[in-house]
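Some notes on the structure that comes next.
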Amino acid sequence: MEQTVSEQTGSITLRKTKAIAYWTVTAALVFVMLSGAIGELTQQFGTVETHTVLGYPLFLLNIIGTWKILGVIAIVMPRFLRLKEWAYAGMFFNMTGAFLSHAIVGDSKFHLIYTGSVLLIVVASWALRPQSRTLGKLTESFGSILKRA
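In the numbering used here, the protein residues as written are -4 to 144.
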């Protein structure tokens, strides 16, 4: 079945809009992760204080900061699709761990809002990535999995 010119134009516009959204969200993710990594690697006061309040040893700052930089490189670089998936997973685990840690110690709402927002940026960047940056298609939609449960 042939598409009309209008349908083709709409499809192209949708792809361009999705690409712009992906790169905008991913640029925000890169900025947040790199600035956090710099704060961790240089052991800035606020970062040291936060890790101390959460009860984590300070040597973790170097590990997490290094991982964030490597994750950003993996996401921005072309190819290496499996590495991109691992980078997104690592950022997701890092931010869910940060969110839960702040919640458990009863930290301020600012930390919960910030880590929750970064978590949403990670998920949005992953969800909006173009086909050329995905490892493969999901065979089932989330809705169909829920219906079977």
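All C-beta atoms in this analysis are idealised placements derived from N, C-alpha and C, irrespective of residue type, glycine included.
Quick one: Cα of residue i to Cα of residue j, how far?
i	j	result
residue 49	residue 35	14 Å
residue 98	residue 7	43 Å
residue 61	residue 28	10 Å
residue 78	residue 47	31 Å
residue 72	residue 44	33 Å
residue 15	residue 9	10 Å
residue 105	residue 112	10 Å
residue 126	residue 25	20 Å
residue 30	residue 19	17 Å
residue 53	residue 33	14 Å
residue 17	residue 84	17 Å
residue 13	residue 68	21 Å
residue 40	residue 109	18 Å
residue 11	residue 37	38 Å
In or out: residue i buried (at least 16 other Cβ within 10 Å) or exposed?
i	result
residue 101	exposed
residue 128	buried
residue 70	buried
residue 122	exposed
residue 124	buried
residue 94	buried
residue 131	exposed
residue 63	buried
Would a C-beta distance cut-off of 8 Å place residue i and residue j closer than the cut-off?
i	j	result
residue 107	residue 90	no
residue 117	residue 87	yes
residue 42	residue 56	yes
residue 66	residue 82	yes
residue 21	residue 103	no
Would you give the residue range spanned by the alpha helix (DSSP H) that residue i belongs to?
i	result
residue 118	104 to 123
residue 77	76 to 99
residue 65	54 to 71
residue 41	40 to 49
Contact criterion: CB-CB distance below 8 Å. Does residue i meet it with respect to chain C?
i	result
residue 97	Chain labels in this structure do not include chain C; a single protein chain is all it has.
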